[in-house]
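Chains as they are written, first to last, in our numbering: chain R, 1 to 124; chain Y, 1001 to 1632; chain V, 2001 to 2475.
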């Protein structure tokens, strides 16, 4: 029991040092830094442009939908990379590797088809 | 032959289910056909079994249908035992039962509860068959309870009268006391033998139990307590006279011919156990004889036609137990058989009289009925001769066999038995003479309406009369040139007991027979002189005194029981009701209920609906779990 | 390709494959407009999956991830049977037009795939995947009544709490991996056996965190708070699905993990679990007493029932498997029956309060009888299956370890309390007589009458002959 706790002493020290560093720097900058309060400083940062209207406005839900679908297919495409890298070896063993990828592709394509048919990508 | 056995109890059960579920939607004709037909069907199948047992093709067959109860060491099968003893009982139940069903179709025709009546009667036949057919004690017990239930339902059949309901309850409670004994006996058998099957128990009886050992006596005594309840023996007999509240055919079937003999059947069935406990047999002997005499004396001064017959039944049952106590098991069964015929006949005859007089039961208001009701009179006379034991009527042979067995043991027992028989003769002839002879003492309206019962009622009377005449020939003793057929028939089931006593010589038997017959005839003449020649009529209730009053009031046994048992129990019950029940039990239960609903009221507030609060509690839970785990 | 073919010829995972394809087929029903035939297709597919599952090659190891032993096969069969039942009873809800049946069915089928994985995993990662495949469709299903605010609320609450619990579960799995160096259940068991009584804190903390994560899924106290809100807000049959199939699968997984891997380390978690059980039984039963909505009452009752079922995990022996199978079957069938009746009552009367059951026996005698039997079974009263399940469970706990007597006493006390609120429904149906409003005489379709009668028969027949489930060899 005591032995296993001793094992964690380095971690605890690391934890202390890390949090200590963060706290120290924040407190130090707050204490040491000059305090200037102007109107511009409290403004919303909008890529250097003049801010227009309230930042808390309503978005169309479509925005999230498209974003989610993008991330989804993005992740699925990543699975192609390791397969593509090893394709040369797969082809030597026949068509099994190719078949497996087709099997993977099929649900992805069905999903894509579903998304289109459901009208998820139509903006209006 | 044996593959139809399951139909024997099933047919009456079907009848019950049909009648019970359709109730008043059927015309009475169909009801009678279903009610009687199902029992007739069973009777026909029983007859095939009877011929099988007579010809020897069936000696003892156990037929299992399914596992009924299978728990731990206890394995009970729903199975039937077909052997001479059960076939004999089945024949009586379905045969006499069928006749009484037919009779009932006439007797109960005007009753509004006609369908209910037949449904119960069918259920009774089913339960009774279950009782005698079962091949283990539990099936027997199921039937035992079933007949108790039917008896209760039928005694209180006219439930609108409080007195009848009380009678039904009395019967039920008395029977429950006995049943408890039976149940304890069964449990003791199970703990001793590890089984409740007749086969296992009887086969191992001699090796497991030693003669007159405590266990053997305990088992047999407990079972006998059950028998005293069901077969109305001292001290549990008081329900049977009250049970006459039910319709008369019910009294004939249940409280004379079949159910009340269940106790005797049970003792005979367990004769192997009983022969290992001579002490119990002595107890049975004493109780049987006491009941026979006691009940017969009470019959002497009763004025209700059915009450007389009821005490007579108690007395005759005492006779049967007397026989069993002597170890004469087959004589007991013989008397069961003949008694079933003539006592059923007596009740049905009484029913016919009551029917003719529109529910008049007091014999002081009868008289001179022999001309108006000739068939009833003749059949009633036959039965009376049979019960008195005039040769060659059925009762003579069975009674003689019991008396002979008593003489073998001791002449004193014989004399006491004979005294009982003479009392029986006296009150039966008193009943016969007062009812059928002399002049009619009822109202003019009753006189005007006097009529013989319809054929549907008289035919069963005639059949039973025939049986009362010839029924005795199944057990003609050797001394009269017979071979005691019944004894041989039952020999495979009943082990011989009491061989140590010497058999009576033929000359002694002749002397005994002649003496008893002559004494009976003398008693008949005495009754004739008193009630026909002198034309005396039993006195009014308020004019009797002394011993007669004591007897007329049944020795005040009911009142004694009431003071000894009922009143203290009622008193205790009141205390428990007012103090323990309401102040302690109810209060505790209510407090628990209130505590639960109060805590529910508070705990449900923990469900605030705020998700961050939920997560917060979860985290606290996790921390607690880890904490508890580390400190323990 | 050859290996794939081999798998298929070996009859491995066929039920999972069938259900996945069925899910896709169901998803496309809207697009190719065969929605009307969908119910029949799904029913046939699930029935096919049951057959395939029964023919599954026994004790096959699939990619070192799944193990189709008898336990897996029979629990999968039970779950599939419940799913089949669910599709039958829920037909009316998805024909009403409020829900998109093709999407909903697809989600249910995918969730079922997760349930099947939970019965057969042999690797912690598979267990996690199974739980997630099971849960994620349910987050959506809980909110499938889009226009109902409480349904949306249920969805969000379920999602947040579920994500939280998944985090804890993963945390626990990491700890276990950290101390044992493996995800394989049997290897973990070997490791724990070798370690004997000298277990590192990392390992048993891991066990406890996994236990917490799973306790959340089966809604054991104090991780049950999401249950009443989610059950009440979700559409009726989604709640029924969560209360029976999801819970059953979660228990199958819970038991499988603890029975296979952690029995030798039971010293470190048995006490905590028994406290959780006692707390769950008491909380569920006591709060249920004061509810006015029958649906919410059933939610609390499902919490209480979870407490009883957790006894099997505590027991973790061969007999407990039978107790678990019997209890899930009993609880599943009875609960689905109760929810079906409740659905129809709510449809007729408009609410799901106890008052809506008032004098139901006069207008709908069949519904009342069915509800009565379901309540009797849940309360554990003979001759229903619920009685036998409870009896067998309690007796097997006492048989193996008498030191849990206190726990059984708590359970029995809880059952007594439960009789109160289950009988409230029965009393409402039969006790009071109120004048019947003509609109209440709306009868339910004949198809449901037959189905409900069938369910009642199952409850009673299984109650009389529980041997059917007890006679499975080597569960």
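Yeah, the Cβ is synthetic: ideal placement off N, Cα and C, and Gly gets one too.
Check: Who pairs with residue 2353 of chain V in a beta bridge, going by DSSP?; Outcome: V/2293
Check: Could you tell me the alpha carbon to alpha carbon distance between residue 2190 of chain V and residue 66 of chain R, rounded to whole angstroms?; Outcome: 48 angstroms
Check: Do you know offhand how far residue 1 of chain R's Cα is from residue 2195 of chain V's?; Outcome: Note that residue 1 of chain R has pLDDT 46, beneath the 50 cutoff, so the model's placement of it is unreliable and no number is given.
Check: Figure out for me which residue from V/2058, V/2032, V/2061, V/2024 has the closest Cα to the Cα of residue 2045 of chain V.; Outcome: V/2024
Check: Indicate whether the contact test is met: 3 or more Cβ pairs, each with one atom in the segment 112-124 of chain R and one in the segment 59-75 of chain R, closer than 8 angstroms.; Outcome: yes
Check: Just checking, does the segment 1194-1205 of chain Y make contact with the segment 1223-1236 of chain Y on the three C-beta pairs under 8 angstroms criterion?; Outcome: no
Check: Please identify the residue among V/2116, V/2332, V/2111, V/2340 whose C-alpha is closest to the C-alpha of residue 2077 of chain V.; Outcome: V/2116
Check: Do you know whose CA, among Y/1214, Y/1365, Y/1357, Y/1429, lies nearest residue 1638 of chain Y's CA?; Outcome: In the structure as shown, chain Y begins at 1001 and stops at 1632. Residue 1638 of chain Y is therefore absent and cannot be evaluated.
Check: Tell whether a beta-carbon distance below 8 angstroms holds between residue 1516 of chain Y and residue 1389 of chain Y.; Outcome: yes
Check: Do the segment 1614-1630 of chain Y and the segment 2086-2106 of chain V meet, that is, are 3 or more Cβ pairs less than 8 angstroms apart?; Outcome: no
Check: Can you pull the chain V residues whose beta carbon is under 8 angstroms from the beta carbon of residue 1607 of chain Y, in chain order?; Outcome: 2225, 2228, 2229, 2287
Check: Give the interface partners of residue 2031 of chain V over in chain R, defined as CB-CB distance under 9 angstroms, in chain order.; Outcome: 113, 114, 117, 118
Check: Rounded to the nearest angstrom, what separates residue 1192 of chain Y and residue 1216 of chain Y at their Cα positions?; Outcome: 10 angstroms
Check: Pull up the distance between the alpha-carbon of residue 1487 of chain Y and that of residue 2471 of chain V, whole angstroms please.; Outcome: 51 angstroms
Check: What does residue 2028 of chain V touch in chain R if you count any residue whose Cβ is under 9 angstroms from its own?; Outcome: 110, 113, 114, 117
Check: From residue 1039 of chain Y to residue 1245 of chain Y, what distance separates their C-alpha atoms?; Outcome: 24 angstroms
Check: Any contact between the segment 1394-1408 of chain Y and the segment 1320-1337 of chain Y? By contact I mean 3 or more CB pairs, one from each, below 8 angstroms.; Outcome: yes
Check: Around the C-beta of residue 1083 of chain Y, are 16 or more other C-beta atoms found within 10 angstroms, so that it is buried, or is it exposed?; Outcome: buried
Check: Using a Cβ distance threshold of 8 angstroms, determine whether the segment 2277-2288 of chain V contacts the segment 2297-2307 of chain V, with at least three qualifying pairs required.; Outcome: yes
Check: Give the single residue among Y/1520, Y/1439, Y/1607, Y/1282 whose Cα lies nearest to the Cα of residue 1422 of chain Y.; Outcome: Y/1520
Check: Helix or strand or just coil, what does DSSP make of residue 1491 of chain Y?; Outcome: coil
Check: Mind checking if residue 1596 of chain Y is an interface residue toward chain V, Cβ cutoff 8 angstroms exclusive?; Outcome: yes
Check: Compare the C-beta of residue 2210 of chain V with all C-beta atoms of chain Y and state if any pair is closer than 8 angstroms.; Outcome: no
Check: Identify the contact partners of residue 107 of chain R in chain V, using a Cβ-Cβ distance below 9 angstroms as the criterion.; Outcome: 2020, 2024
Check: Is there contact between the segment 2104-2124 of chain V and the segment 2019-2034 of chain V, where contact requires at least three CB pairs shorter than 8 angstroms?; Outcome: yes
Check: For residue 30 of chain R, count neighbouring Cβ atoms within 10 angstroms of its own Cβ and tell me buried if that reaches 16, exposed if not.; Outcome: exposed
Check: Buried or exposed for residue 1197 of chain Y, please, with buried defined as at least 16 other CB atoms from any protein chain shown within 10 angstroms of its CB.; Outcome: buried
Check: So that I know if they touch, is there some Cβ in chain V lying closer than 8 angstroms to that of residue 1 of chain R?; Outcome: Only weak support exists for where residue 1 of chain R lies, its pLDDT of 46 falling under 50; the value from the coordinates is given anyway. Judged by the 8 angstroms Cβ criterion, residue 1 of chain R is in contact with chain V.
Check: Check whether the segment 2387-2396 of chain V touches the segment 2318-2337 of chain V, counting contact only when three or more Cβ pairs, one atom from each stretch, lie closer than 8 angstroms.; Outcome: yes
Check: Would you mind reading off the limits of the beta strand (DSSP E) that contains residue 2487 of chain V?; Outcome: Look at the range of chain V in this structure, 2001 to 2475, and you will see that residue 2487 of chain V is not part of it.
Check: Mind checking which residues open and close the alpha helix (DSSP H) that includes residue 2400 of chain V?; Outcome: 2385-2400
Check: Tell me the DSSP secondary structure of residue 1015 of chain Y in three-state form.; Outcome: helix
Check: Where does residue 2292 of chain V land, buried or exposed, given buried means 16+ other C-beta within 10 angstroms?; Outcome: exposed
Check: Between the Cα of residue 2120 of chain V and those of V/2095, V/2097, V/2066, spot the shortest distance and give me the residue it belongs to.; Outcome: V/2066
Check: Measuring only the C-alpha atoms, how far is residue 2001 of chain V from residue 2073 of chain V?; Outcome: Note that residue 2001 of chain V has pLDDT 47, beneath the 50 cutoff, so the model's placement of it is unreliable and the number below is only indicative. Each residue's alpha carbon lies about 26 angstroms from the other.
Check: What distance in whole Å lies between the Cβ atoms of residue 1292 of chain Y and residue 1420 of chain Y, which are believed to be in contact at a cut-off of 8 angstroms?; Outcome: 4 angstroms
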